Every structure is written in C-alpha cells, then in structure tokens.
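Just so we're aligned, residue 1 is where the sequence shown starts under the working numbering, counting upward by one.
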Amino acid sequence: MPRDETEIKLKVAHPRAVKLRILELGFVISAPRHLERNFLFDFADMRLRKSSSVIRLRCEGRRSLLTFKGPPVGSASYKIRREIETEVEDGERLREMLEGIGLREVFCYEKFRTTYTPKPGSTTGAGLVVFDQTPIGNFLELEGPKRWIDATARHLGFSRRDYVTASYVSLYLTRCQEEGTKPGSMVFDSGK
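Now the structure itself:
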C-alpha cells in the first residue's frame with residue numbers, strides 16, 4: 001500500500017552518546033545492527049533519476065525488499081515522498097526480472113543499521129529512529145509525523161538547522177566531489 005514517508009537525517013558526531021540518549025528517551029532496539037546492501041535501478045535513459053524517483057532492492061541477510069519512491073514533495077525541512085514497498089522472496093531472481101524489463105543497477109550503497117522503536121507504553125510517540133553507520137559517516141534517520149520528528153530531534157540535542165534531507169547517494173557524490181575522488185559505489189572497503 002502506498003504511503004507518504006516523512007523523514008530527516010541527522011549527522012552524528014558522537015555515536016555512543018546518541019545511542020544512549022535514544023534508549024533514555026524510551027526507545028528499544030527492534031532490529032539489532034545488521035548490514036544492508038541497497039541496489040538502485042534505472043533505465044538506460046535515467047528517466048527515474050531525472051524524475052527524482054527510485055527503484056531500490058534492499059538485501060539484509062535473507063530478507064529482500066523492493067521499494068519504489070516517488071519524487072519528493074516540496075518541503076524545505078523534511079524529505080517527504082510517496083513510498084511503495086514489498087518484501088520479496090528471492091532478491092537475485094527479482095534482480096534478473098528488473099534487468100529483463102530494461103532496468104540496470106546504477107548504484108550500490110551499504111550501511112550497518114540499528115532500528116529503534118518506542119517501548120510499549122512509552123510516551124515517545126509513533127515514529128521510527130534508525131542509526132546508520134555508512135562509509136561516509138554516521139547518521140540518524142527519524143521517520144514519522146513532522147511534530148514527532150521535531151520533538152525527537154530536539155530531545156536528542158539537534159535543531160532544525162541540523163536536518164539533512166539529501167539522500168545517501170547525494171551525500172556520497174558531494175563527498176566525492178569535495179575530496180576530488182571518482183564516484184563508484186558507497187560500500188565498505190573490505191580490505192581494511
């Protein structure tokens with residue numbers, strides 16, 4: 001079922017302190033730290049990218065999710081977009097199907113993700129907090145109603161000027177440009 005997703009990212013300088021604060025606020029870990037591999041697909045003419053839309057195949061262990069994200073709705077402070085997501089039984093077979101209809105993988109990014117949800121009976125509201133360790137740094141993602149995002153960010157020690165609405169792809173490309181490096185995929189270096 002399609003839904004509008006509202007979220008922000010927050011750059012995290014002190015991961016241990018932020019994780020402790022999340023727990024102090026009444027959240028519990030609902031999905032322990034795990035590796036996510038995300039594959040973005042597009043047509044040869046890049047029509048999805050040009051329309052600011054995304055087809056993503058996410059693989060996390062044996063679980064695979066296919067997601068379509070529509071273009072962002074105009075908002076200066078929040079990233080709001082239509083999202084349709086479904087779990088798929090076989091990510092590799094789905095990849096073959098996507099390629100069979102003319103889509104091709106255009107980008108891959110990895111992250112270690114920990115998901116937090118409100119403790120049953122808590123007053124933290126109905127939102128989702130995730131902590132992402134990526135090759136370009138650590139981030140929190142807050143997903144939920146705007147008021148909940150603002151209150152949760154404030155309780156975590158952030159203000160609206162800290163909000164990041166760019167995608168990981170955009171953040172990665174900006175980092176490559178700043179460092180003068182050629183973009184590739186945003187993956188962890190297995191040689192380290």
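No residue lacks a Cβ here, since even glycine has one placed at the ideal position from N, Cα and C.
Only a predicted model underlies this, so the values are computations on that prediction, with no experimental measurement involved.
By the Cβ-count criterion, threonine 152 is buried, with 16 or more other Cβ atoms from all chains shown falling within 10 Å of its own Cβ. With a 10 Å radius around the Cβ and a threshold of 16 neighbouring Cβ atoms, glutamate 96 comes out exposed. Contact between the stretch 109 to 126 and the stretch 25 to 37 is present: three or more C-beta pairs spanning the two stretches fall below 8 angstroms.
Restricting attention to Phe68, Arg62, Asp150 and Arg16, the CA atom closest to the CA of glycine 127 is found in Asp150. Excluding five sequence positions before and after proline 72, the CB atoms of its chain that fall closer than 7 angstroms to its own CB belong to Ser52, Lys79, Ile80 and Arg81, given in chain order. Distance between glutamate 141 and glycine 100, taken at the CA atoms: about 33 angstroms. As DSSP reads the structure, threonine 67 sits in a beta bridge with Arg56 and Glu85. Counting only residues of its own chain and dropping the five nearest sequence neighbours on each side, glycine 102 has a CB closer than 6 angstroms to the CB of Phe43. One Cα belongs to glycine 137, the other to serine 167, and the distance between them is close to 13 angstroms. Of the residues assessed, leucine 20 falls on the exposed side of the cut-off, its CB having fewer than 16 other CB atoms within 10 angstroms. Bounds of the beta strand (DSSP E) holding serine 30 are 27 to 42. Nearest in C-alpha terms to lysine 146, of all of Pro32, Tyr163 and Leu66, is Tyr163.
Of the candidates Val129, Thr134 and Phe158, the residue whose Cα lies closest to the Cα of glycine 144 is Val129.
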